[in-house]
Amino acid sequence: MPELRFDVMRNEWVAYATERNDRTFLPTDHCPLCPSGPGGHSEVPLDDFEVVVFENRFPAFGPDRVHDRPVRPSSTGCEVVVYTPEHELTLAQLPPERVKLLIDVWADRYADLGSRPEVGYVYIFENKGEEVGVTLHHPHGQIYAMPFVPPFIAAELQTAHERLVSGGGCLHCEQIARESRSPRLVFDDGSMVAFVPDAARWPFEVHLYPRRHVASIAELDGDERAELAAALLRLTRAYDRHFGFSTPYVMAMHQAPTDGKAWPEAHLHFEFYPPHRRPDRLKYLAGVELGAGTFVNDTRPEDTASQLRQAAEAVLSKPLVRL
Amino acid sequence: MSAAKKQEPPRRARHEPASVDGLTRVELELPDGRYLLSYARAKVKAPHA
Chain U
26 MPELRFDVMR
36 NEWVAYATER
46 NDRTFLPTDH
56 CPLCPSGPGG
66 HSEVPLDDFE
76 VVVFENRFPA
86 FGPDRVHDRP
96 VRPSSTGCEV
106 VVYTPEHELT
116 LAQLPPERVK
126 LLIDVWADRY
136 ADLGSRPEVG
146 YVYIFENKGE
156 EVGVTLHHPH
166 GQIYAMPFVP
176 PFIAAELQTA
186 HERLVSGGGC
196 LHCEQIARES
206 RSPRLVFDDG
216 SMVAFVPDAA
226 RWPFEVHLYP
236 RRHVASIAEL
246 DGDERAELAA
256 ALLRLTRAYD
266 RHFGFSTPYV
276 MAMHQAPTDG
286 KAWPEAHLHF
296 EFYPPHRRPD
306 RLKYLAGVEL
316 GAGTFVNDTR
326 PEDTASQLRQ
336 AAEAVLSKPL
346 VRL
Chain G
106 MSAAKKQEPP
116 RRARHEPASV
126 DGLTRVELEL
136 PDGRYLLSYA
146 RAKVKAPHA
């Protein structure tokens, strides 16, 4: 059963989930995320579907289980979001209307999970590729309904809060304005802006923002969701085009906590961390990053942004290439 | 990719409106008590267990 322990030395929570050590690992004879029909053995016993969400069989956070069944009502928990029944696709290869549906699903899960009293933060993310630890290749993401605000996001919120109470505006809005005029811009679609941040940790890290100040995915209107879908496709396709293969990445959504308080300092955005520093080399977290917490980046954000900007332009003018 | 052998089918299904306009959300209970939510555009016929 999942367990949380608090590290007083680092002032942070650590999650223990020993059942995950035996979770399904890169199966070759079946796919747990493919539709298997009623009574089928996969995690999705349906004939077909568009997008499905289910409770992770191997959660890192709750719910507690009694007599091998989850306690209801659910408190914290982990969900798997399956983007499509088509096993071979990736997010980059989905049609725009499916990505728009996915965004609507994320918004619904944010509202639904965030309404649970025990949930302090709804963390939506995708791990893509074996290089970042994926154990199932079928296109999917995950949602963790966490009982606390995780440290990276808490630090970001604290910095933005300090800017706001000191009389400044939204730190994120300032960054969008600055980066949309900088050599680190990847693309600016009007309502959506993508850039390599000034102090990127990863060589091809990109942050994607809605220009309008919205605290969460649930606050985007219908037009913005369609524009976000287009921007997500443009960025992921730009990665694939630049590297020449289906690019692994971690996609992390940052937004407002769900503790019922107002979070004017929160500004929804996506952060992408591809592990490659060039097509034939990976960036590893090692002694300096893991032991000291300082990232060493082998590339300049201005240079990687220039490369991604060219790829993002090509995405608009050339048809999708299946890699 | 194919799915493997059979198990007990989901026990119940109920339709409920999702909080986003135009979505249909069908909730199923899996044999081990976990929930599964199937989302579709409202104009699309929802899948059945």
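Respectively, the protein sequence lines represent chains U and G.
The first sequence lines up with residues 26 to 348 when you count with the working numbering.
The second sequence lines up with residues 106 to 154 when you count with the working numbering.
From the three backbone atoms N, C-alpha and C, an ideal C-beta is built for every residue, glycine too.
Here the structure is a predicted model, which is why all the values come from computation and not from measurement.
In chain G, what lies closer than 8 angstroms to residue i by C-beta?
i	result
R94 (chain U)	D137, G138
L161 (chain U)	Near L161 (chain U) there are no residues of chain G at all, since even the closest Cβ is about 10 angstroms away, more than 8 angstroms.
Can you tell me whether residue i is buried or exposed? The criterion is at least 16 other CB atoms within 10 Å of its CB, across all chains shown.
i	result
S107 (chain G)	A caution first: S107 (chain G) carries a pLDDT of 46, below 50, which makes its placement in the model too unreliable to give a value.
L233 (chain U)	buried
E181 (chain U)	buried
A145 (chain G)	buried
F31 (chain U)	exposed
H92 (chain U)	exposed
P98 (chain U)	exposed
D73 (chain U)	exposed
V149 (chain G)	Interpretation of V149 (chain G) is limited by its pLDDT of 47, a score under 50 that renders its predicted location unreliable; no figure is taken from the coordinates.
Y309 (chain U)	exposed
V340 (chain U)	buried
D284 (chain U)	exposed
G158 (chain U)	exposed
Q183 (chain U)	exposed
P304 (chain U)	exposed
R35 (chain U)	exposed
M26 (chain U)	exposed
E44 (chain U)	exposed
P282 (chain U)	buried
K343 (chain U)	exposed
E37 (chain U)	exposed
F10 (chain U)	Missing from the structure shown is residue 10 (chain U); chain U here goes from 26 to 348 and no further.
P136 (chain G)	exposed
A117 (chain U)	buried
D223 (chain U)	exposed
L315 (chain U)	exposed
Closer than 9 angstroms by beta-carbon distance: list the chain G residues that pair up with residue i, in chain order.
i	result
E249 (chain U)	Within chain G, no residue comes near E249 (chain U); the closest Cβ sits about 13 angstroms away, beyond 9 angstroms.
Since residue i meets chain G, which of its residues come closer than 7 angstroms, beta carbon to beta carbon?
i	result
E80 (chain U)	R139, Y140
E28 (chain U)	Those within 7 angstroms of E28 (chain U) in chain G number zero; the least Cβ separation is about 19 angstroms.
F83 (chain U)	Here the premise fails: no neighbours, minimum Cβ distance about 11 angstroms.
V76 (chain U)	Y144
Taking 9 angstroms as the cut-off, decide whether the C-beta atoms of residue i and residue j are in contact.
i	j	result
Q280 (chain U)	S241 (chain U)	yes
V106 (chain U)	V130 (chain U)	yes
A185 (chain U)	H301 (chain U)	no
L128 (chain G)	E134 (chain G)	no
V275 (chain U)	N81 (chain U)	no
R266 (chain U)	F212 (chain U)	no
L71 (chain U)	H112 (chain U)	no
P95 (chain U)	C195 (chain U)	no
P208 (chain U)	S61 (chain U)	no
L333 (chain U)	F229 (chain U)	yes
L210 (chain U)	C56 (chain U)	no
L51 (chain U)	A40 (chain U)	no
P164 (chain U)	A251 (chain U)	no
F220 (chain U)	L257 (chain U)	no
I168 (chain U)	E75 (chain U)	no
G154 (chain U)	S271 (chain U)	yes
Considering only DSSP beta bridges, list what residue i is partnered with.
i	result
F150 (chain U)	U:Q167, U:A277
G102 (chain U)	U:A170
Y135 (chain U)	In the DSSP output, where bridge partners are listed per residue, Y135 (chain U) has none listed.
V69 (chain U)	U:P60
L210 (chain U)	U:F220
E28 (chain U)	U:Y41
L307 (chain U)	U:H301
H232 (chain U)	U:F220, U:E296
L141 (chain G)	U:F79, G:L133
P176 (chain U)	Beta-bridge pairing links P176 (chain U) to no other residue.
V107 (chain U)	U:V77, U:H165
P3 (chain U)	There is no way to answer for residue 3 (chain U), as the model of chain U reaches only from 26 to 348.
R123 (chain U)	Per DSSP, none; premise fails for R123 (chain U).
L128 (chain G)	G:R146
P289 (chain U)	Paired residue(s): none; P289 (chain U) is not in a bridge.
Residue i CB to nearest chain A CB: under 9 angstroms?
i	result
F86 (chain U)	Of the chains in the structure shown, none is chain A; the protein chains are U and G.
By the 7 angstroms beta-carbon criterion, what residues does the stretch 36-51 of chain U contribute toward chain G? Within the stretch 36-51 of chain U, no residue qualifies.
Using Cβ-Cβ distances below 8 angstroms, what residues of the stretch 126-151 of chain U are close to chain G? For the stretch 126-151 of chain U, the set of residues with a beta-carbon nearer than 8 angstroms to any beta-carbon of chain G comprises L126, D129, V130, A132, D133, A136, D137, in chain order.
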